[in-house]
Amino acid sequence: MGSAFSCSSVGNMLVVAAANDDLAMAQEILKKHPHAAVFHNFKDRSSPLIQAAAHGHFELLQLVLETAVMSEGVEKAKAVCIDHCNSKKQTALMVACKHGHPDCVEYLVTNGADPLVTDARRYNTCLHFAALYGHSDCVHKLLGTRTTYRNQGQQVTVAQLVCSEDGAQVSFIDRHNGWGLTALHIAMFQGSVNTVRALLRHGASLNAVIGASRIEHSPIRCSVGSNALHIAALIGNMSMVKVILEAQDGVAGLELRSRADASGLRPQDYAQRARNPVLAHLLDPRLPVALLRQIWVNYSLEVSATPRHQTLAAMLQKLKLMFNLELIALKNNLAAAAEAGAATAACGDAGDGGDEVASGHDGTAF
Numbered sequence: 003m004g005s006a007f008s009c010s011s012v013g014n015m016l017v018v019a020a021a022n023d024d025l026a027m028a029q030e031i032l033k034k035h036p037h038a039a040v041f042h043n044f045k046d047r048s049s050p051l052i053q054a055a056a057h058g059h060f061e062l063l064q065l066v067l068e069t070a071v072m073s074e075g076v077e078k079a080k081a082v083c084i085d086h087c088n089s090k091k092q093t094a095l096m097v098a099c100k101h102g103h104p105d106c107v108e109y110l111v112t113n114g115a116d117p118l119v120t121d122a123r124r125y126n127t128c129l130h131f132a133a134l135y136g137h138s139d140c141v142h143k144l145l146g147t148r149t150t151y152r153n154q155g156q157q158v159t160v161a162q163l164v165c166s167e168d169g170a171q172v173s174f175i176d177r178h179n180g181w182g183l184t185a186l187h188i189a190m191f192q193g194s195v196n197t198v199r200a201l202l203r204h205g206a207s208l209n210a211v212i213g214a215s216r217i218e219h220s221p222i223r224c225s226v227g228s229n230a231l232h233i234a235a236l237i238g239n240m241s242m243v244k245v246i247l248e249a250q251d252g253v254a255g256l257e258l259r260s261r262a263d264a265s266g267l268r269p270q271d272y273a274q275r276a277r278n279p280v281l282a283h284l285l286d287p288r289l290p291v292a293l294l295r296q297i298w299v300n301y302s303l304e305v306s307a308t309p310r311h312q313t314l315a316a317m318l319q320k321l322k323l324m325f326n327l328e329l330i331a332l333k334n335n336l337a338a339a340a341e342a343g344a345a346t347a348a349c350g351d352a353g354d355g356g357d358e359v360a361s362g363h364d365g366t367a368f
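Note that our numbering has the sequence shown beginning at 3, numbered continuously upward.
This is how it looks when you write it as structure tokens:
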């Protein structure tokens, strides 16, 4: 019992040292007790590696992981240290993504941390956590070309990983969590423009839709089959709408504005339900994409302006945008009316010509 108590005490001391970035203390402990690297407490099952990852203490993270591999061997270290889960079923990699420590993310993956592991509560991957907390730098590190993971005997980038989901094969970046949400859906709902752009840059699919939920109380009140644009319309985020529509502009034949979810609702319908007339106009599939591009050029907000001026500028620009949209609609209506008038006149001319011929024919005959 004395030995067990001593081991537990040393392990807890290492957990504290990892949390406090006390590298000297950690080195001293691991020199005498290398097996402490794989310790976890009983309260929340936290470990030295998880604490170092949570606080972004990179040198300590390296020290603990390397000591675990040297003392336990690669396979055991991976099981009891690198991919060890705390009481929330979160690994060191998930925690590093959650708290925004990109260097720790890259180091953990390249040294064997499994990005495919999900937490038991909501089935989130490390990428879902990065999206949830708006850490675009972690998204770049996780999905970048330098971060490779050994999968089935081959070194591949995390972005190249393929997952099995309900009998279908999906890319890691488009994997759904327990609520049926991809990382892109979560980043959209959280309103992180940089994270959304990072995900799109690394190949997140604009066609990905909300899947069936395996757990209750999803934070996103969109129906199954909704895409990222539905979510942007739901939250009324103009910047998000702009990012998605600009991204779809690069995909030939893609028109998300016309896509309906399982309830038969299009993004425009969500905007109308939210009583957002500006978005409702923008999300009208009848609005030509070319005109949409012109509108975006004129729709911008200076970040350097004071908050009060930003609010005023936003209001003025929304009014201007609404005016432009109404003007476009009016022009389209006038053009349609002109075409209809021209068609009617043409029919009338054709009818008059027929009468003249008939009269001429009758006159000639008699």
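For glycine and all other residues, C-beta sits at the position ideal for the given N, C-alpha and C.
Please read all numbers here as calculations on a predicted model, not as lab measurements.
Length of the line joining the Cα atoms of H35 and H42
Working through the sequence shown from its first residue, we reach residue 35 at position 33. Working through the sequence shown from its first residue, we reach residue 42 at position 40. Whole-angstrom Cα-Cα distance: 14 Å.
Please report the Cβ distance between L281 and M240, rounded to the nearest whole angstrom; I am assuming they are in contact, meaning their Cβ atoms lie under 8 Å.
Within the sequence shown, residue 281 is the residue found at index 279, counting from 1. Within the sequence shown, residue 240 is the residue found at index 238, counting from 1. Between M240 and L281 the Cβ distance is about 7 Å, and since that is below 8 Å, they are a contact.
Are the beta-carbon atoms of K100 and R123 separated by less than 8 Å?
Taking the first residue of the sequence shown as position 1, residue 100 is located at position 98. Taking the first residue of the sequence shown as position 1, residue 123 is located at position 121. Cβ atoms of K100 and R123: not closer than 8 Å.
Between Y151 and V18, what straight-line distance do the alpha-carbon atoms span, to the nearest angstrom?
For this step, residue 151 is matched to residue 149 along the sequence shown. For this step, residue 18 is matched to residue 16 along the sequence shown. Those two C-alpha atoms are separated by around 30 Å.
What does the alpha-carbon distance come out to for the pair T149 and A161?
To locate residue 149, count along the sequence shown from 1; it is residue 147. To locate residue 161, count along the sequence shown from 1; it is residue 159. One C-alpha to the other measures close to 9 Å.
L65 versus Q270, K45, K333, I84, residue with shortest Cα-Cα distance
The residue labelled residue 65 in the question sits at position 63 within the sequence shown. Residue I84 is the option with its Cα nearest to L65.
Return the bridge partner residues of E167 from the DSSP annotation.
On the sequence shown, position 165 is the one that residue 167 refers to. Paired residues: A170.
Work out the CA separation of L202 and H103 for me, nearest whole Å.
What you label residue 103 is simply residue 101 of the sequence shown in a count that begins at 1. What you label residue 202 is simply residue 200 of the sequence shown in a count that begins at 1. Looking at the backbone, the Cα of H103 and that of L202 are separated by about 21 Å.
Given that a residue counts as buried once 16 or more other Cβ atoms are within 10 Å of its Cβ, and exposed if not, what is H283?
Here the question's residue 283 lines up with position 281 in the sequence shown. It is buried - the Cβ of H283 has at least 16 other Cβ atoms within 10 Å.
Based on the DSSP secondary-structure assignment, which residues constitute the bridge partners of V158?
Locating residue 158 in the sequence shown gives position 156, where the first residue counts as 1. Paired residue(s): Y151.
Compare the C-alpha of D139 against each of A98, T112, V119, T159 and name the closest.
As a position in the sequence shown, residue 139 is number 137, starting the count at 1. With distances taken between Cα atoms, D139 lies closest to A98.
By Cβ distance, which residues of its chain are closer than 6 Å to A133, with the 5 residues on each side in sequence left out?
Numbered from 1 along the sequence shown, position 131 holds the residue referred to as residue 133. Only A185, I188, A189, T197 meet the Cβ criterion.
With N278 and G238 assumed to form a contact (beta carbons below 8 Å), what rounded beta-carbon distance in angstroms separates them?
Within the sequence shown, numbered from 1, the residue matching residue 278 stands at position 276. Within the sequence shown, numbered from 1, the residue matching residue 238 stands at position 236. With a contact defined as Cβ atoms closer than 8 Å, N278 and G238 qualify at about 5 Å.
I'd like to check one pair, V82 with L95: are the Cβ atoms closer than 8 Å?
The sequence position of residue 95 within the sequence shown is 93, counting from 1. The sequence position of residue 82 within the sequence shown is 80, counting from 1. L95 places its beta carbon 8 Å or farther from that of V82.
Give me the residue from K244, N209, R288 with the minimum Cα distance to L256.
As a working note, residue 256 is residue 254 in the sequence shown. Just measuring C-alpha positions, the residue of K244, N209, R288 sitting nearest L256 is N209.
Whose C-alpha, out of G13, Y135, S166, W298, is nearest the C-alpha of V245?
Residue 245 sits at position 243 when you count from the first residue of the sequence shown. Here the closest residue by C-alpha is W298.
Flag V253 as yes when its Cβ comes closer than 7 Å to any non-hydrogen atom of the ligand NAD, and as no otherwise.
The ligand NAD is not part of this structure, which contains no ligands at all.
Helix, strand or coil: which one does DSSP assign to A79?
Numbered from its first residue, the sequence shown carries residue 79 at position 77. In this structure, A79 counts as helix in the three-state DSSP scheme.
In this structure, does DSSP put V291 in helix, strand or coil?
Locating residue 291 in the sequence shown gives position 289, counting from the first residue. V291 falls in the helix class under three-state DSSP.
As assigned by DSSP and simplified to three states, the class of S73
Here residue 73 corresponds to residue number 71 of the sequence shown, with the count starting at 1. S73: helix per DSSP, three-state reduction.
From what residue to what residue does the alpha helix (DSSP H) around N196 run?
The residue labelled residue 196 in the question sits at position 194 within the sequence shown. That run of the alpha helix (DSSP H) goes 195 to 203.
According to DSSP, is N113 part of a helix, a strand, or is it coil?
Locating residue 113 in the sequence shown gives position 111, counting from the first residue. The answer is coil: DSSP assigns N113 none of H, G, I, E or B.
Candidates L32, A21, D46: closest to F60 by CA position
Mapped onto the sequence shown, residue 60 falls at position 58. Per the Cα distances, A21.
Give me the Cα-Cα distance between A292 and I212, rounded to the nearest whole angstrom.
To locate residue 292, count along the sequence shown from 1; it is residue 290. To locate residue 212, count along the sequence shown from 1; it is residue 210. If you take the alpha carbons of A292 and I212, they lie about 29 Å apart.
Mind checking N179: buried by the 16 CB within 10 Å criterion, or exposed?
Here residue 179 refers to the residue found at position 177 of the sequence shown. Buried, since its Cβ has 16 or more Cβ neighbours within 10 Å.
Local Cβ density within 10 Å of S11, reported as buried at 16 or more and exposed below that
Reading the sequence shown from its first residue, position 9 is the one you call residue 11. S11 should be labelled exposed.
Simplified DSSP assignment, three categories, for F41:
Within the sequence shown, the letter at position 39 stands for residue 41. In the structure shown, F41 adopts coil according to DSSP, grouped into three states.
For the alpha helix (DSSP H) holding D263, just list the boundary residues, first then last.
Taking the first residue of the sequence shown as 1, we reach residue 263 at position 261. That residue, D263, is in no alpha helix (DSSP H); it is neither H nor E in DSSP.
Excluding the 5 residues preceding and the 5 following H311 in the sequence, name in chain order all residues of the same chain whose CB lies nearer than 7 Å to its CB.
What you label residue 311 is simply residue 309 of the sequence shown in a count that begins at 1. For H311, the pLDDT reaches just 48, beneath the cut-off of 50, and the residue's location in the model is therefore unreliable, although a value from the coordinates is still provided. Same-chain partners within the cutoff: there are none.
Compute the beta-carbon to beta-carbon distance between L236 and R259, rounded to the nearest angstrom, for a pair I have assumed lies under 8 Å.
The count along the sequence shown starts at 1 and reaches residue 236 at position 234. The count along the sequence shown starts at 1 and reaches residue 259 at position 257. The Cβ separation is near 14 Å, so there is no contact.
Among residues of its own chain, excluding the 5 on either side of T159, which ones have a beta-carbon nearer than 8 Å to its beta-carbon?
Stepping through the sequence shown from its first residue, residue 159 is reached at position 157. Here the set comprises L145, G146, T147, T149, T150, Y151.
Which whole-angstrom value is the C-beta distance of S215 and A264, which I expect to be below 8 Å?
In the sequence shown, the residue the question calls residue 215 occupies position 213. In the sequence shown, the residue the question calls residue 264 occupies position 262. Your pair S215 and A264 does not check out as a contact, with CB atoms roughly 12 Å apart and the cut at 8 Å.
Closest to A26 by CA distance: which of A54, L62, A38, L51 is it?
Sequence index remark: in the sequence shown, residue 26 carries index 24 (1-based). Of the candidates A54, L62, A38, L51, the one whose C-alpha sits nearest the C-alpha of A26 is L62.
Between which residues of its own chain and P287 is the CB-CB distance below 8 Å, once the five residues before and five after are set aside?
In the sequence shown, the residue the question calls residue 287 occupies position 285. Residues of the same chain with a CB within less than 8 Å of the CB of P287, apart from the 5 flanking positions on each side, are E257, R259, S260, R268, Q270 in chain order.
Since I believe A38 is in contact with G13 (beta carbons under 8 Å), could you give me their beta-carbon distance rounded to a whole number of angstroms?
Taking the first residue of the sequence shown as 1, we reach residue 13 at position 11. Taking the first residue of the sequence shown as 1, we reach residue 38 at position 36. That belief holds up - the Cβ atoms of G13 and A38 are roughly 5 Å apart, short of 8 Å.
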